[in-house]
Amino acid sequence: MDIEYIKEIVNPTIEGNGCELWGIDLINKKNLPTIRIFIDAIGGATIQDCEKLIQN
1 MDIEYIKEIV NPTIEGNGCE LWGIDLINKK NLPTIRIFID AIGGATIQDC EKLIQN
């Protein structure tokens, strides 16, 4: 999976919720791929910001 492709998919949702994409990590351990998405916001991202993004 390509990081640029992931950015295209997630960035509209992140920005639509008042945050910005800070980074993406792709991890493949024991054939279990994991995508970590890091966000930031003015004043800092909160757990509530993360919850909103998960629900979208």
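The sequence shown finishes on residue 56 if you use this note's numbering, and the numbering steps up by one all the way, no holes. We treat Cβ as the ideally placed atom computed from N, Cα and C, and that holds for glycine.
- Per the coordinates, the alpha-carbon of Ile14 lies some 22 Å from the alpha-carbon of Pro33.
- Leu53 and Asp2 have their C-alpha atoms some 21 Å from each other.
- Here the alpha carbons of Lys30 and Val10 stand approximately 25 Å from one another.
- Comparing alpha-carbon positions, the option among Glu4, Pro12, Ile6 and Gly18 lying closest to Ile42 turns out to be Gly18.
- If you ignore the 5 residues before and after Leu21, its C-beta comes within less than 6 Å of the C-beta of Asn11 and Ile14, all in its own chain and listed in chain order.
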